[in-house]
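Here's the structure, in structure tokens; my notes come after.
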Amino acid sequence: MSPISRGFHGRHRDPDVDPSRVPPGQYVTTDFPVLSAGPTPHTPLENWTFSIKQGGQTARSWTWQEIRDLPSQEVTADIHCVTKWSKLDTRWQAVSLDTLLAQVEREAQYVLAFSDGGYTTNLPLADVTGGRAWLAYGYDGAPLQPEHGGPARLLVPHLYFWKSAKWVRGLELLGHDEPGFWERYGYNNYGDPWREQRYAGD
Amino acid sequence: MAGTAVRGRLTWQVATVAAVRPETAAVRTIEFEIPGWAGHQAGQHVDIRLTADDGYVAERSYSIASAPGEPLQLTVERLENGEVSPYLTEELRPGDEIEIRGPIGRYFIWDGDDASTPLLLVAGGSGVVPFRSMLRHRARIGSNVPVRLLYSAKTLPDVIYRTELDMAGDGADVVYTLTRKQPPGWAGHSGRVDAALLTEVAWPADRQALAFVCGPTAFVEIVAGELVSLGYPPDRIKTERYGGVGAP
Amino acid sequence: MTDRHFGPDDLYGPDDSALDGNAIAGLLHEVFGTEMTTAQTTCAHCGNTALIAEAIAYVRAPGTVIRCRTCTSVLAVVVRKQEMNCVDLSGLTALNAG
């Protein structure tokens, strides 16, 4: 039985939070913790592209400027990290993935998002459409910083935040569900925070 | 012998704060009482674990600041956005309990067994902590190993253990460099540790010194790279990286 | 999650969350039952050999990720799942505790 360390609270005490906004097992923080599994990539914007691939080919690709020229939204969302912190009312500037995926004729049911540095994560296509997912390049009124995934990351707030791939460079459309980085190392294939689907088998 | 501490089970033990002592405005040394503490080697560290009353758990690692044979002491720097360090440096008081496991580490250690090998210690900020253990150990065993400590800190008030280091004793040279601000009349070095400063302070490569570098990751990378350029074989440079800020 | 104690942030420029194998010594001792910082690893991707203490360690993540200092490929990943450590060593072709 671990002793309680008198007076230790961690960072997460936010007494005014509506508990119905906090998934099971989560602690609300006002910080924005930086988590990373590898070095921070620094792709120059003139070399940056976002691509949708299908059948081993690039079906459609956008340059940075082309992405910036697309209609974007201000998205406010609660985000939930599998490491147990949640942050409420985060504000993003983002392009809906519906906008991007509409440009591709697709037969797939799954996507595998891929990022600079080799990170991947998988999602059902249904979870990145219907207004539930974005390509985000602004956070809290400023350009998304590299440590938080800039120049652009996925934003899929209804799932644990490891699915919101940092430094994302594209989506591969697949007919099968291909586990990504954390999914291969034991995390849940889907990752619904409200059902506390943290690990494989949950 | 402390060597047996590295084999066998590593378990969490309850540690009670015996004393706290400020070192600088942001840094504090904490002494612990741990029943059955088996001792440690200079350079080793411990993991600590804190449990809040709502079950929230945080773990951190800290280098051991005391010498082998002395009670366990850790020196902690309060980080501005830290989650654990403000608690350890401001709230924790004698009688409080935390969990500790250790000692840990078999790589970044100095036993003083090799009397002929000069030692180079290069510290960035709180990276000096394991070196205090090594210097105290050297004094306690009466070693004559020549040692140079190059200690980089932002300002003179940020130098941890200053009084103790200024009295480091025979054969132990301590060189400071202050990177942000120097006091009036400062005759020591200024600015970051670079090739020029290391050329001046480090043992020449032909002395076949053993080098330890500890501090923020970027500091360690730069210093280790410069030592290689000075002719230190990579396997004569031991590194221990503390993370930079930007972490929660 | 275990973190290394952090030193001053601005001595040498931008922060870097990359630590080294020393930072995960306690975790690896838990996993392997013995001290592992001086164990030698061989990278499955580039063949580089290095002590675990010299590998790059990322500890602020849903799991602990150990990478080859030469090529940054993943050597090993440890995920803590409800009191159990799930260890993937497929990025290594050899691990010698010595």
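Protein chains in written order, with my numbering: chain H, 1 to 202; chain B, 203 to 450; chain X, 451 to 548.
For each residue, glycine too, the CB sits at the ideal point set by N, CA and C.
All values derive from a computational prediction rather than experimental measurement.
According to DSSP, which residues form a beta bridge with residue i?
i        : result
Met534/X : Lys531/X
Glu442/B : Cys416/B
Pro224/B : Arg230/B
Val330/B : Beta-bridge pairing links Val330/B to no other residue.
His391/B : Thr379/B
Tyr27/H  : Trp85/H
Ala325/B : Tyr353/B, Cys416/B
Asn122/H : Leu112/H
Arg153/H : Ala136/H
Leu276/B : Ile232/B, Ile266/B
Val168/H : Ser115/H
Asp249/B : Ser263/B, Arg303/B
How would you call residue i, buried or exposed, if buried means at least 16 neighbouring beta carbons within 10 angstroms?
i        : result
Gly205/B : For Gly205/B, the pLDDT reaches just 37, beneath the cut-off of 50, and the residue's location in the model is therefore unreliable, leaving the point undetermined.
Ser61/H  : exposed
Leu477/X : buried
Met336/B : buried
Glu46/H  : exposed
Ser318/B : exposed
Gly10/H  : buried
Asn472/X : buried
Asn188/H : buried
Trp194/H : exposed
Residue i by DSSP, collapsed to three states: which one?
i        : result
Tyr378/B : strand
Gln145/H : coil
Val104/H : coil
His455/X : Confidence at His455/X is low in this model, with a pLDDT of 27, below 50, so the placement of that residue should be treated as unreliable; the coordinate-derived value is given next. Coil at His455/X, not helix or strand.
Asp89/H  : strand
Val515/X : strand
Ala503/X : helix
Val509/X : coil
Arg211/B : coil
Gly180/H : coil
Trp286/H : Coverage of chain H is limited to positions 1 through 202, which leaves residue 286/H absent and any answer about it impossible.
Ser265/B : strand
Thr401/B : helix
Asn472/X : helix
Tyr187/H : strand
Glu74/H  : strand
Quick check: what's the CA-CA separation for residue i versus residue j?
i        : j        : result
Thr487/X : Gly138/H : 40 Å
Asp360/B : Cys518/X : 34 Å
Ser328/B : Phe421/B : 12 Å
Val28/H  : Ile79/H  : 10 Å
Trp239/B : Phe310/B : 20 Å
Gly245/B : Ala511/X : 26 Å
Ala108/H : Ser265/B : 52 Å
Leu281/B : Gly417/B : 14 Å
Gly371/B : Gly427/B : 29 Å
Ala398/B : Pro146/H : 32 Å
Ala468/X : Leu154/H : 23 Å
Ala325/B : Cys496/X : 32 Å
Tyr199/H : Val403/B : 52 Å
Gly55/H  : Leu173/H : 8 Å
Arg21/H  : Trp388/B : 56 Å
Pro436/B : Glu442/B : 14 Å
Val17/H  : Pro143/H : 28 Å
Arg394/B : Asp538/X : 40 Å
Arg262/B : Leu290/B : 11 Å
Taking the CB atoms as reference points, tell me whether residue i and residue j lie closer together than 8 Å.
i        : j        : result
Ile250/B : Ala475/X : no
Ile67/H  : Val95/H  : yes
Lys531/X : Gly186/H : yes
Trp405/B : Pro320/B : yes
Thr253/B : Ser2/H   : yes
Thr365/B : Val331/B : no
Tyr119/H : Ala37/H  : yes
Arg198/B : Glu485/X : In the structure as shown, chain B starts at 203 and stops at 450, and residue 198/B therefore has no counterpart that could be examined.
Thr129/H : Leu171/H : no
Gly297/B : Thr226/B : no
Trp167/H : Pro41/H  : yes
Ser431/B : Arg338/B : no
Asp116/H : Arg169/H : yes
Thr83/H  : Leu35/H  : yes
Asn535/X : Gln490/X : no
Ala220/B : Leu322/B : no
Leu380/B : Ser392/B : yes
Pro157/H : Ala77/H  : yes
Glu233/B : Gln275/B : yes
Any C-beta of chain D sitting closer than 8 Å to the C-beta of residue i?
i        : result
Thr319/B : Looking at the structure shown, chain D is missing, and the protein chains on hand are H, B and X.
Check whether the Cβ of residue i lies closer than 7 Å to any heavy atom of the ligand NAD, and answer yes or no.
i        : result
Ala426/B : Looking at this structure, you won't find the ligand NAD or any other ligand, since it has none at all.
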